[in-house]
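Undergrad: Numbering (this note's numbering), first residue to last: 3 to 146. For every residue, glycine included, the Cβ atom is placed at its ideal position computed from N, Cα and C. Structure provided below as structure tokens; questions to follow.
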């Protein structure tokens, strides 16, 4: 609630999952998503228990797959990936808690779009600040 602006809340955990999955791959992204989802599920109603774990785990796995297939993502593709996974995460969560089609569409326009814009702004800042430190070491081969 302290970082909320006009009823829009950024998903800082989603940014963290994307950064982890882009940096370390599929398994790390999936694990980070599952753990972050468990922390969110603690505060969720009991009938929706596991919905955050499921959505964050799928997002971490998906971003990790993108990292493995498209090596050395620059800033703009990272932002596009973050935008896509914002909506993917919300769609998976809405399906997991049992919303129907009209409720999902309404929630996408009223909740997901403002939250995604705010998340993209903070995610862009994080990507920009972390980018100089995130350079992967190149494999030079074995020296005998």
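Among 132, 131, 118, which has the Cα closest to the Cα of residue 7?
TA: 118
Undergrad: What are the start and end residues of the alpha helix (DSSP H) that includes residue 19?
TA: 14–26
Undergrad: Given 8 Å as the limit, is there contact between the stretch 55–62 and the stretch 101–111, that is, 3 or more CB pairs closer than that?
TA: no
Undergrad: Could you check whether the stretch 109–127 touches the stretch 10–17, counting it as contact only if at least three pairs of C-beta atoms, one from each stretch, sit closer than 8 Å?
TA: yes
Undergrad: Suppose the cutoff is 7 Å on Cβ atoms and the five residues either side in sequence are ignored; what does the same chain contact list for residue 140 look like?
TA: Residue placement at residue 140 is poorly supported in this model, since its pLDDT is 46, which falls under 50; the coordinates still yield a value, given next. Nothing listed; no residue qualifies.
Undergrad: DSSP state of residue 118, grouped into three classes?
TA: helix
Undergrad: Tell me which same chain residues have a C-beta within less than 8 Å of the C-beta of residue 88, skipping the five on either side of it?
TA: 13, 16, 114, 117, 118, 121, 122
Undergrad: Looking at the secondary structure, which residues open and close the alpha helix (DSSP H) in which residue 51 lies?
TA: Careful: residue 51 lies outside any alpha helix (DSSP H) and carries neither H nor E.
Undergrad: Can you look up residue 81 in the DSSP assignment and give me helix, strand or coil?
TA: DSSP places residue 81 in helix when its eight states are reduced to three.
Undergrad: Residues in the same chain with beta-carbon distance under 8 Å from residue 46, minus the five sequence neighbours each way, listed in chain order, please.
TA: 53, 54
Undergrad: When you compare the CB positions of residue 95 and residue 56, do they come within less than 9 Å of one another, or not?
TA: yes
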